[in-house]
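Report on the structure given below.
Number of protein chains: 2
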Amino acid sequence: MPKQTFLNLPEQKRQIIINAAVDEFAGFGFDASSINRIVANSKISKGSFYQYFEDKMDVFKYLLSLLINEKMEFFKAKHPPSSNMDTFGYFRWMVKAGMEFNSAYPRMTQAVTRVLLVEGLYYGKNFIQYHQLTTDTLSTMIRQAMKNGEVDPSVDVELAVMVMDVWTTAITTYILQEGMKQKDILKWVRSAKTQEKIDKLLYVMEYGLRKTESQFVRQI
Amino acid sequence: MPKQTFLNLPEQKRQIIINAAVDEFAGFGFDASSINRIVANSKISKGSFYQYFEDKMDVFKYLLSLLINEKMEFFKAKHPPSSNMDTFGYFRWMVKAGMEFNSAYPRMTQAVTRVLLVEGLYYGKNFIQYHQLTTDTLSTMIRQAMKNGEVDPSVDVELAVMVMDVWTTAITTYILQEGMKQKDILKWVRSAKTQEKIDKLLYVMEYGLRKTESQFVRQI
DNA sequence: GTACAATGTGACTCGTAAGTCATATGACTA
DNA sequence: TAGTCATATGACTTACGAGTCACATTGTAC
Numbered sequence: 003m004p005k006q007t008f009l010n011l012p013e014q015k016r017q018i019i020i021n022a023a024v025d026e027f028a029g030f031g032f033d034a035s036s037i038n039r040i041v042a043n044s045k046i047s048k049g050s051f052y053q054y055f056e057d058k059m060d061v062f063k064y065l066l067s068l069l070i071n072e073k074m075e076f077f078k079a080k081h082p083p084s085s086n087m088d089t090f091g092y093f094r095w096m097v098k099a100g101m102e103f104n105s106a107y108p109r110m111t112q113a114v115t116r117v118l119l120v121e122g123l124y125y126g127k128n129f130i131q132y133h134q135l136t137t138d139t140l141s142t143m144i145r146q147a148m149k150n151g152e153v154d155p156s157v158d159v160e161l162a163v164m165v166m167d168v169w170t171t172a173i174t175t176y177i178l179q180e181g182m183k184q185k186d187i188l189k190w191v192r193s194a195k196t197q198e199k200i201d202k203l204l205y206v207m208e209y210g211l212r213k214t215e216s217q218f219v220r221q222i
Numbered sequence: 003m004p005k006q007t008f009l010n011l012p013e014q015k016r017q018i019i020i021n022a023a024v025d026e027f028a029g030f031g032f033d034a035s036s037i038n039r040i041v042a043n044s045k046i047s048k049g050s051f052y053q054y055f056e057d058k059m060d061v062f063k064y065l066l067s068l069l070i071n072e073k074m075e076f077f078k079a080k081h082p083p084s085s086n087m088d089t090f091g092y093f094r095w096m097v098k099a100g101m102e103f104n105s106a107y108p109r110m111t112q113a114v115t116r117v118l119l120v121e122g123l124y125y126g127k128n129f130i131q132y133h134q135l136t137t138d139t140l141s142t143m144i145r146q147a148m149k150n151g152e153v154d155p156s157v158d159v160e161l162a163v164m165v166m167d168v169w170t171t172a173i174t175t176y177i178l179q180e181g182m183k184q185k186d187i188l189k190w191v192r193s194a195k196t197q198e199k200i201d202k203l204l205y206v207m208e209y210g211l212r213k214t215e216s217q218f219v220r221q222i
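Same order as they appear, the protein sequences are chains H and R. If you count the first sequence from 1, position 157 lands on 159 in the working numbering, and the numbers rise without skipping. If you count the second sequence from 1, position 70 lands on 72 in the working numbering, and the numbers rise without skipping.
Laid out in C-alpha cells, this is it:
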C-alpha cells in the first residue's frame, strides 16, 4: 500500500501519478514497466516516487485495489433486471455487467488484465487469492443451479467451474481486445451486435454444461 | 535462422546449447530471458553465441521451427484410429494426439507455449501467421461439419472458430500446467482419468456448438 | 612447417534499470 | 526571526542486460 505521504498529496497530483502508472502497466505489462518512465511521465522525481511507494509491486497492488473498489461500487449500484432469473441468466447478467464496467474504465482494466491474465500473475503466488474468490463464487453458483435442476447433478463441479472460469476470461479478453480498437468502446459494447455476440458465446458454454455430462456417460 | 557456424557444430554441443535455451525460455519467458544466462549454462562464450545466432529472437524462432518439424513428423507417423469418424471425433483425436506430443516434449512445449500463448506473442505481429494457420484449419473443419449435418448451418463460423481455438488453447495450457506437476507426464496424460477429463472438456464445447445457435434463435 | 580460414574468447562499451541519500525547499510554529 | 518538519530532488551506486571486437586458438591444405 502507498505510504501516507502519497495519500496526503493533492488529488490532482495523485491522479497524474496514477494515470502514468496505469498507462505504463497497460502498455508494457508488469516486468517491462519502468519506474523511471512512470516518474518521467508524471513529472515527479525518482526520490519522490520512493517516498510514495515501496516499489513497482506496491503501485500495482494499489491500482488493483482502486479497480476492485470501483467495481464493487459499480455492482452495488446495479441490480439484476428481474428477480425470477435462473442461475445461467444471472451469470449472463453478471458477465455483461462486468463488460459494461470494463468499458467504462478501459485503460485501468487493460492494465490490470494484462498483468494478471496475460502475464499469468493471477495464477502465481501473489494474486492467487483473487482467483480463489472467483472460483469459489462460481462453485456456489453451479451447486445452486444443480439444486434448481438446471444442471445435471452428475456434472463434475470442479470441471464446470473451470469451464466457466476459462470461458469468462476468454470472452473478457476478447471483448477488451476488440473494444480497444473502437472509437467509443462503451457504445460498441452496448451495441446490439456486440451484445448478441456475447450472448452467443455464453450460450455455447451454457448448453455445453447443461447437456454434456449425461450425454457423455451414455456415449461411452 | 542460426548461422552456418552453428549448423557445423558437433551434434552434442548443439544439443547443449538448445537445451540451455529451452530451459531459459521455459523458465523466464521471452523478455526476461537472458542471453548471458544461456551462454553461462551452455558453457560457451558470449562471442560464440553471436557467431551462432543473430539475437534472442533468432534462437527462439529456431526452437519453434524445431518443434514444428518434430510435430509434423509425429502427426505424419500417426493415423486416426478409424476412418468413419465425424468431424468432432476427428477434432477430439487431433487434440488428444497433440497432448500426447506435448507430453513427449514437455520442456520444449512449455518454452514455446509460455512465449506464444501466455505472453501473447502468438497474437502479435511476429507470429500471427501461425495463428492464422490454426484458424484456417478450424474454419475448414467447421464448414465440413456443417455439410455433414453435424453442426447447425445457422452457426456463425467465425464464432465457432473462436470457440474451438480458445477452448483448445485453454485445455492445452491447463493440461501442460497440471502435467508439469506429475512425475511422469506422459503416463499421466495417458491415464484413464486424465483422458476422461479431456474428453469431458471437449464434449462441453462440442455440445455447446452443436446445440446452441438454433436454441439461441428460438429463445430470443 | 607455413599459410590461411574457421572458430572461440571475454573484456569492453553503452544503455537502462532499481533503489539510496545528502541536500534543498517551503510551510507552519513559537 | 529561528527552528522544525514534511516533502522534493537528482546525482550516485550497483547491477545487469545486449552487442562488439581485437586477439587467441584450432583445423586444414599444401
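We put the CB at the ideal spot given by N, CA and C, even for glycine. Quick caveat: nothing in here was measured; it's all calculated off a predicted structure.
### Query
Mind checking R/E13: buried by the 16 CB within 10 Å criterion, or exposed?
Classified as exposed, R/E13 has fewer than 16 neighbouring CB atoms from the shown chains inside 10 Å of its CB.
### Beta carbon of R/T89 nearer than 9 Å to that of R/M143
Here R/T89 is near R/M143, since their CB atoms are less than 9 Å apart.
### Task
Taking H/P83 as the reference, give the member of H/N71, H/M96, H/Y205, H/M74 with the closest Cα.
Ranking the options by Cα distance to H/P83, first place goes to H/M96.
### Message
With a threshold of 9 Å between beta-carbons, can H/A172 be considered close to chain R, or not?
### Response
So, interface residue.
### Query
Taking 9 Å as the CB-CB limit, is H/L231 close to chain R?
In the structure as shown, chain H starts at 3 and stops at 222, and residue 231 of chain H therefore has no counterpart that could be examined.
### Message
For a cutoff of 9 Å on Cβ pairs, would you count R/W169 as touching chain H?
### Response
Yes - at least one Cβ of chain H is within 9 Å of the one on R/W169.
### Task
Report buried or exposed for H/I222, applying the criterion of at least 16 other Cβ atoms within 10 angstroms of its Cβ.
Here the model assigns H/I222 a pLDDT of 32, short of 50, so the residue's position is not dependable, and the following value carries that caveat. So H/I222 ends up on the exposed side.
### Message
Tell me the DSSP secondary structure of R/M101 in three-state form.
### Response
R/M101 falls in the helix class under three-state DSSP.
### Task
In the DSSP assignment, find the alpha helix (DSSP H) that holds R/R145 and state where it starts and stops.
R/R145 -> alpha helix (DSSP H) spans 130-149.
### Query
Which runs of the beta strand (DSSP E), 3 residues or longer, sit entirely within the region 73-125 of chain R?
Secondary structure within the region 73-125 of chain R: not one fully enclosed beta strand (DSSP E) run of 3 or more consecutive residues is present.
### Query
Who are the near neighbours of R/G100 in its chain, counting only those whose CB is closer than 6 Å to its CB and skipping five residues on each side?
The same chain holds no residue with a CB closer than 6 Å to that of R/G100 once the five nearest residues on each side in sequence are set aside.
### Query
Which residues, in order along the region 92-120 of chain H, keep a beta-carbon less than 8 Å from a beta-carbon of chain R?
Here the close residues are V120.
### Message
Assuming contact is defined by CB atoms lying nearer than 9 Å, are R/L135 and R/T175 in contact in what I supplied?
### Response
R/L135 places its beta carbon 9 Å or farther from that of R/T175.
### Task
Verify the CB distance criterion: does R/L242 have a CB-CB separation below 9 Å to chain H?
Summary: the structure shown does not reach residue 242 of chain R, with chain R confined to residues 3 through 222, and so no result is reported for it.
### Message
Can you tell me where the alpha helix (DSSP H) holding R/V165 begins and where it ends?
### Response
R/V165 -> alpha helix (DSSP H) spans 159-181.
### Query
If you measure beta-carbon to beta-carbon, which residues of the region 30-48 of chain H are closer than 7 Å to chain R?
Listed in sequence order: D33, A34.
### Query
Is the region 43-53 of chain R in contact with the region 16-23 of chain R, if contact means three or more CB pairs nearer than 8 Å?
Yes, they touch.
### Query
Is the Cβ-Cβ distance between R/I177 and R/V191 less than 9 Å?
It is a contact, given that the beta carbons lie within the stated cut-off.
### Query
Which bits of chain R does H/G210 rub up against, with CB to CB less than 7 Å?
The answer, in chain order, is V206, M207, Y209, G210.
### Query
Is H/Y54 near H/K5, with beta carbons less than 9 Å apart?
In this structure, H/K5 lies closer than 9 Å to H/Y54 by Cβ.
#### Entry: Host alpha helix (DSSP H) of R/K185 (start-end)
From DSSP, R/K185 is part of no alpha helix (DSSP H); its letter is neither H nor E.
### Query
Sorted by chain position, which residues of the same chain lie with C-beta nearer than 7 Å to H/E102's C-beta, five sequence neighbours on each side aside?
The beta carbon of H/E102 sits closer than 7 Å to the beta carbons of V191 from its chain, once the five residues preceding and following it are set aside; these are given in chain order.
### Neighbour list for R/L161 in chain H, Cβ cutoff strictly below 9 Å
By Cβ distance, chain H contributes K199, K202, L203, V206.
### Task
Report yes if the C-beta distance between H/G210 and R/V153 is below 9 Å; otherwise report no.
In this structure, R/V153 does not lie closer than 9 Å to H/G210 by Cβ.
### Message
Within 9 Å of any Cβ in chain H, is that where the Cβ of R/V165 sits?
### Response
For R/V165, the answer is yes, since a Cβ of chain H falls inside 9 Å of its Cβ.
### Query
Cα separation between R/G181 and R/S105?
The straight-line gap from Cα to Cα measures roughly 8 Å.
### Assigned secondary structure, R/S50 (DSSP; H/G/I helix, E/B strand, else coil)
The answer is helix: DSSP assigns R/S50 an H, G or I state.
### Contact belief for R/Q123 with R/V117 at Cβ below 8 Å, rounded distance in angstroms
What sits at residue 123 of chain R in the sequence shown is Leu, not Gln. By a beta-carbon distance limit of 8 Å, R/L123 contacts R/V117. Their separation comes to about 6 Å.
### Task
Measure the C-alpha to C-alpha separation of H/I187 and H/M110 and round it to an integer number of angstroms.
So the two alpha carbons sit approximately 14 Å from each other.
#### Entry: Contact with chain H by R/D57, beta-carbon distance below 9 Å
Closer than 9 Å: no.
### Task
Please report the residue range of the alpha helix (DSSP H) in which R/A28 lies.
Looking at the DSSP string, the run of the alpha helix (DSSP H) that includes R/A28 is 13-30.
### Query
Based on Cα-Cα distance, which residue from H/A162, H/F51, H/F27 lies nearest to H/L9?
Taking H/L9 as reference, the option from H/A162, H/F51, H/F27 with the minimal CA-CA separation is H/F51.
### Query
Are the C-beta atoms of R/W190 and some chain H residue less than 9 Å apart?
No, no contact with chain H.
### Message
I need the boundaries of the alpha helix (DSSP H) containing H/F55, first residue and last residue.
### Response
First-last for H/F55: undefined, no H or E at that position.
### Message
R/L204 and R/I173 - do their beta-carbons sit closer together than 9 Å?
### Response
Their beta carbons are under 9 Å apart, which means R/I173 touches R/L204 by this criterion.
### Query
By the 10 Å Cβ neighbour count, where 16 or more other Cβ atoms means buried, how is R/K199 classified, buried or exposed?
Burial call: buried.
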